[in-house]
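Residue numbers (my numbering): 28 to 222. Even for Gly, the Cβ is constructed at its ideal location relative to N, Cα and C. Report on the following structure.
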Ligand code: HEM
Ligand code: HEM
């Protein structure tokens, strides 16, 4: 479930592109309008931020799709980082749905509401992403500590045993440890163990 450096870079690139272009659109739309002789008009760059944002949105959905088969599936099976993970997924789905609605259901009365909901969730998404990453790293540290603890215990255990008792211990201590097994259990295995 740990992402490779290249994969992680694409996650951050796509996230940064949608976030930065969304925020730039907000700044240009609300604070940098042009006051000309025909009244207030949008800044010419405003439309460009939205064009880039649309491209970023497609890339972001592609990247989230690429996380489904390994990152998200493994996280789910190991029950690691569940709340921050599903919060981030929920935020992404909300952004995709409200973004889609902005394209196709942009009536006079509905559009402003959709817009505020969309960018409100978008601003929140940055915080959820940071929470997800920090707690993801914390769960990794916990898993490593419990692995080390279990293998030290086993190493100590085999020191106290007679040579004939340790004769069958050809596999590494970590692979024999309960912690390692439980970290790699699938949901189905858990149910079987619980029964
Ligand atoms: C929109 C969906 C998601 C995105 C964009 C995402 C992205 C990320 C990123 C960038 C990291 C940091 C990786 C690193 O620094 O090595 C991470 C860590 C993690 N995520 Fe996700 N994630 C998503 C959904 C989920 C879900 C649904 C789960 C759980 C079911 C999950 C579980 C984890 C875990 C366990 C880690 C820590 C991995 C480790 O360092 O060992 N993620 N995620
Ligand atoms: C997965 C992530 C996202 C997707 C799929 C997405 C999708 C979309 C789509 C399809 C639109 C409509 C574009 C148009 O009308 O031409 C839009 C507009 C917009 N998005 Fe996003 N977006 C995402 C993330 C974000 C984030 C993180 C922000 C942060 C502020 C944001 C802010 C905005 C803003 C300000 C608009 C313009 C709203 C309007 O036209 O009234 N979006 N987005």
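Query	Result
Under the three-state DSSP convention, the category residue 73 falls into	helix
Ligand 2 heavy atom lying under 7 Å from the CB of residue 50	yes
Residue 59 CB to nearest heavy atom of ligand 2 below 7 Å	no
Any non-hydrogen atom of ligand 1 closer than 7 Å to residue 157 Cβ	no
Candidates 36, 42, 33, of which the one nearest residue 149 by Cα	42
DSSP beta-bridge partners of residue 61	68
CA-to-CA distance, residue 81 to residue 51, given in whole angstroms	13 Å
Assumed close pair residue 58, residue 76 - CB separation to whole angstroms, cut-off 8 Å	No, residue 58 and residue 76 are not in contact; Cβ-Cβ is about 13 Å, not under 8 Å.
Reduced DSSP secondary structure (H/G/I, E/B, other) of residue 107	coil
Separation of residue 171 from residue 138, as counted between CA atoms	48 Å
Counted within 10 angstroms of its Cβ, other Cβ atoms place residue 122 as buried (16 or more) or exposed	buried
CA-to-CA distance, residue 64 to residue 155, given in whole angstroms	44 Å
Three-state secondary structure (DSSP) of residue 169	helix
For residue 53, the three-state DSSP class (helix, strand or coil)	helix
heavy atom of ligand 2 below 7 Å from residue 112 C-beta	no
Residue 159 beta carbon less than 8 Å from that of residue 124	no
Assigned secondary structure, residue 31 (DSSP; H/G/I helix, E/B strand, else coil)	coil
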